[in-house]
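Each residue of the sequence shown is one higher than the one before, starting from 82 at the first, in the numbering used here.
Notes follow the structure.
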Amino acid sequence: MDNKKLFNREKSFRYNGGDNFKLRKQPTAATAENLSKSEIKARIENNIMTLQDLQGKLYAQNRFGILIIFQGMDGSGKDSMIRHILSGVNPQGCEVTSFKVPTSIELNHDYLWRVHRHMPPRGIIGIFNRSYYEDVLVSRSILS
Numbered sequence: 082m083d084n085k086k087l088f089n090r091e092k093s094f095r096y097n098g099g100d101n102f103k104l105r106k107q108p109t110a111a112t113a114e115n116l117s118k119s120e121i122k123a124r125i126e127n128n129i130m131t132l133q134d135l136q137g138k139l140y141a142q143n144r145f146g147i148l149i150i151f152q153g154m155d156g157s158g159k160d161s162m163i164r165h166i167l168s169g170v171n172p173q174g175c176e177v178t179s180f181k182v183p184t185s186i187e188l189n190h191d192y193l194w195r196v197h198r199h200m201p202p203r204g205i206i207g208i209f210n211r212s213y214y215e216d217v218l219v220s221r222s223i224l225s
């Protein structure tokens, strides 16, 4: 799959910021493509090469950082997916942060404090294993 098709495919999941946003109207799943194992492997190799190229440009331009958030129940494969994605990038340009149960120090600050400390700097890809969104609900309810 060439890069234009790849980026056109992901556009269906983007919010353009212009219209009144309704979460329930946003797509949440890609349509399945019936691909053979060899087609899948070829696509993965192409995506890894594309990711390597884009990571180099991200680092060289030093204008933006990228944040990728994995959210899912325990056992849903977040760690495996992170390892799979990182297999194709330069580890020097990535920072992975796993958010576990907040420490006593973290609980003494607002719920975003621990997240802000790990936001990726310019030129770096940051990956969060779990989202700060659940901190609003889960972390505070642990104390109740």
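All C-beta atoms in this analysis are idealised placements derived from N, C-alpha and C, irrespective of residue type, glycine included.
Practice task
Quick one: using the 10 Å Cβ neighbour count with 16 as the cut-off for buried, is K159 buried or exposed?
Solution key: Working through the sequence shown from its first residue, we reach residue 159 at position 78. Classification for K159: buried.
Problem - When I186, G207, L193 are compared against P227, the one with the closest alpha-carbon - result: Since the first residue shown for the chain is 82 and the last is 225, residue 227 is missing from the structure and cannot be characterised.
Handout entry: Neighbourhood of Y96 by C-beta distance below 8 Å, restricted to the same chain and skipping five residues each side
Key = Against the sequence shown, residue 96 aligns to sequence position 15. Residues of the same chain with a CB within less than 8 Å of the CB of Y96, apart from the 5 flanking positions on each side, are F102, Q107 in chain order.
Practice task
Say whether the segment 181-195 touches the segment 119-138, bearing in mind that this needs 3 or more beta-carbon pairs closer than 8 Å, one atom from each stretch.
Solution key: no
Exercise for the section: Look at the alpha carbon of S161 and the alpha carbon of T184, and state the distance between them as a whole number of angstroms. Expected result: Your numbering for residue 161 matches position 80 in the sequence shown. Your numbering for residue 184 matches position 103 in the sequence shown. In a straight line, the C-alpha of S161 is about 25 Å away from that of T184.
Problem - Residue burial classification, R195 (beta-carbon count within 10 angstroms, cutoff 16) - result: Position 114 of the sequence shown, counting from 1, holds the residue named residue 195. By the Cβ neighbour-count rule, R195 is buried, with 16 or more other Cβ atoms within 10 Å of its own.
Practice task
Give the DSSP bridge partners of I147, in chain order.
Solution key: Position 66 of the sequence shown, counting from 1, holds the residue named residue 147. Per DSSP, I206.
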